[in-house]
């Protein structure tokens, strides 16, 4: 009795017609491989991506090899027979493989269906015939203080990255079992230290591109790029709104009534701000050119909100004066 195996439609897996040429098959494979690469997924999605990635590789292993594809296409009208497909008796040259425990199965990472047709041996390791494949572009967050983003310069960062496994070269398997070095994922984790150049005045949400610092390429392909998305951290004194800054300064009631000169913080250091007489609580003073750098040149403005606050303590003499002031106000 011939072994039974679940049929796999490799053309459907890659999303191509059965008449597809070599270039079309390769293009479809690369697109799907990038989409379902396990390193781009986390949590429960990662396991599903790994299974899909294996399925895509298996389909490409067959359809990119003229000899394997010819054997596969010989199934002819039998290819739609359903889930329980049985190898036809006239399929000369096919090999069968039984696992050590006696069950028919796949020990090399491919499906039972593949092993039924082609046996356990492969004519080439993953990546050797696929052609080079550019590494994945990777995006990570780059937290910056307002001062770091304002002044720019260099910043040293450490990132955890995924690299192609040096032991199995991304195949996930060695000999007839999972690669023990990477656990079958085809990649390993490593720490990477980078020096990042930060342009002065960079905005929240901007991206910095580090060429060639993304995922490793397959089969000699170029590495992808690393994109760092800027995340401005909250600041105790300043709030950035577009290219304007907002801050506040606290004054006493007498300063608000009579006017005064007070010190206000800016990103360039403290400056003296004139409080005009009869200043209302919540009113904003404009500091021209003390805001955020603009792409077209120049800078925005800084708006200083005046907050009137009572002194923490009053002497008896001060209380007396406030009482007299209150009596005077009654007669107004």
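Numbering (this note's numbering), first residue to last: 767 to 1098. Note that CB positions come from ideal geometry on N, CA and C, so glycine has one too. Note that this is a predicted model, so its numbers are computed, not measured.
Taking the alpha-carbon positions, what's the residue i to residue j distance?
i            : j            : result
residue 911  : residue 813  : 37 Å
residue 1008 : residue 791  : 47 Å
residue 851  : residue 949  : Here the model assigns residue 851 a pLDDT of 44, short of 50, so the residue's position is not dependable and the matter cannot be decided.
residue 999  : residue 797  : 36 Å
residue 1018 : residue 1064 : 34 Å
residue 785  : residue 926  : 43 Å
residue 795  : residue 1050 : 60 Å
residue 1040 : residue 1034 : 18 Å
residue 997  : residue 818  : 33 Å
residue 1096 : residue 1089 : 11 Å
residue 1093 : residue 1085 : 12 Å
residue 1079 : residue 1015 : 19 Å
residue 978  : residue 1043 : 60 Å
residue 834  : residue 787  : 15 Å
residue 811  : residue 938  : 18 Å
residue 840  : residue 958  : 49 Å
residue 802  : residue 808  : 11 Å
residue 782  : residue 793  : 10 Å
residue 856  : residue 832  : Residue placement at residue 856 is poorly supported in this model, since its pLDDT is 42, which falls under 50; the coordinates still yield a value, given next. Answer to the nearest angstrom: the Cα atoms are 20 Å apart.
residue 1001 : residue 1083 : 39 Å
Please identify the residue among the options whose C-alpha is closest to the C-alpha of residue i.
i            : options               : result
residue 1020 : 926, 778 and 1091     : 1091
residue 944  : 793, 820 and 782      : 820
residue 923  : 1058, 960 and 974     : 960
residue 826  : 1013, 1045 and 778    : 778
residue 1178 : 811, 800, 830 and 799 : The chain is shown from 767 up to 1098; residue 1178 falls before or after that span and cannot be answered.
residue 1045 : 1012, 1073 and 810    : 1073
residue 799  : 783, 966 and 822      : 822
residue 1061 : 782, 1081 and 965     : 965
residue 976  : 904, 947 and 936      : 904
residue 983  : 946, 935 and 782      : 935
For residue i versus residue j, is the C-beta distance shorter than 8 Å?
i            : j            : result
residue 951  : residue 816  : yes
residue 1048 : residue 1027 : no
residue 929  : residue 954  : yes
residue 773  : residue 828  : no
residue 1024 : residue 906  : no
residue 968  : residue 919  : no
residue 974  : residue 908  : yes
residue 1058 : residue 1005 : no
residue 1052 : residue 1075 : no
residue 940  : residue 932  : no
residue 962  : residue 921  : yes
If we count the other Cβ atoms within 10 Å of its Cβ and call it buried at 16 or more, is residue i buried or exposed?
i            : result
residue 1038 : exposed
residue 1003 : exposed
residue 1022 : buried
residue 838  : buried
residue 836  : exposed
residue 956  : exposed
residue 1013 : buried
residue 1077 : exposed
residue 1081 : exposed
residue 804  : buried
My assumption, with CB atoms under 8 Å, is that residue i sits in contact with residue j. Please give the rounded CB distance.
i            : j            : result
residue 1010 : residue 1069 : 6 Å
residue 971  : residue 981  : Their Cβ separation, rounded to whole angstroms, is 23 Å, which puts residue 971 and residue 981 out of contact at 8 Å.
residue 720  : residue 1032 : Residue 720 cannot be examined here, being either before or after the span of the chain that is shown, 767 to 1098.
residue 806  : residue 902  : 6 Å
Heavy atom of the ligand FAD less than 7 Å from the Cβ of residue i, yes or no?
i            : result
residue 1013 : Absence of the ligand FAD from the depicted structure is noted, as is the absence of any ligand whatsoever, leaving it without description.
Does chain D have any CB closer than 8 Å to the CB of residue i?
i            : result
residue 1055 : Of the protein chains in the structure, only one exists, and it is not chain D.
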